[in-house]
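Residue numbers (UniProt numbering): 1 to 170. We put the CB at the ideal spot given by N, CA and C, even for glycine.
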């Protein structure tokens with residue numbers, strides 16, 4: 001019986017690794033661009049969902065509902081990129097207190113862009129208990145992509161309607 005060695009030569013392994021490196025060099029940038037595109041689509045969809053939830057909850061509970069940026073999810077701040085909270089403002093002080101009911105916590109953890117809110121006079125969006133409409137809180141969310149041109153704008157009207165648009169520049 002002859003003992004035949006089965007395996008790959010150094011040359012064969014080198015060629016395979018070179019081909020894999022070339023393929024990876026083309027695939028990785030495309031993957032990052034795809035992920036940036038998906039993040040840009042996801043952010044306005046999630047925001048629209050929570051805006052609709054806030055409108056419905058304010059009408060059902062007959063209480064003000066507040067949507068505000070939050071980095072710690074224990075208080076409101078002005079950094080929408082880290083995420084936001086949606087809560088029932090039971091004492092109507094327009095601030096999150098530990099005893100108030102949290103309806104949603106959304107840790108965005110954006111990797112490919114940033115989110116900002118530019119509204120009429122307030123950094124929080126307050127949905128009024130009597131009408132479910134944003135109380136003087138119409139404005140615009142802007143998602144600005146860091147490297148790619150996947151910029152989005154979500155406009156919140158006085159009637160509480162959210163309109164999602166693509167932007168060429170941010």
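Any chain C beta carbon closer than 8 Å to residue i
{"i": "residue 14", "result": "Among the chains in the structure shown there is no chain C, since it carries only a single protein chain."}
Of the listed residues the options, nearest to residue i (C-alpha basis)
{"i": "residue 151", "options": "168, 130, 164 and 127", "result": "168"}
{"i": "residue 126", "options": "158, 35 and 115", "result": "158"}
{"i": "residue 86", "options": "71, 72, 102 and 79", "result": "102"}
{"i": "residue 155", "options": "109, 128 and 120", "result": "120"}
{"i": "residue 94", "options": "80, 65, 70 and 136", "result": "65"}
Outcome for residue i when other beta-carbon atoms lying within 10 angstroms are tallied against a minimum of 16
{"i": "residue 39", "result": "buried"}
{"i": "residue 31", "result": "exposed"}
{"i": "residue 56", "result": "exposed"}
{"i": "residue 134", "result": "buried"}
{"i": "residue 77", "result": "exposed"}
{"i": "residue 106", "result": "buried"}
Whole-angstrom distance between residue j and residue i, CA atom to CA atom
{"i": "residue 96", "j": "residue 37", "result": "33 Å"}
{"i": "residue 145", "j": "residue 99", "result": "36 Å"}
{"i": "residue 143", "j": "residue 18", "result": "38 Å"}
{"i": "residue 46", "j": "residue 149", "result": "20 Å"}
{"i": "residue 88", "j": "residue 166", "result": "31 Å"}
Beta-carbon spacing of residue i, residue j below 8 Å
{"i": "residue 183", "j": "residue 162", "result": "Here the chain has residues from 1 to 170 only, and residue 183 is not among them."}
{"i": "residue 138", "j": "residue 48", "result": "no"}
{"i": "residue 184", "j": "residue 140", "result": "Past the boundaries of the shown model lies residue 184; the chain is included only from 1 to 170, so the question cannot be answered."}
{"i": "residue 84", "j": "residue 110", "result": "no"}
>> When you compare the segment 9-24 with the segment 57-76, are there three or more beta-carbon pairs, one atom per stretch, that lie closer than 8 Å?
In response: no
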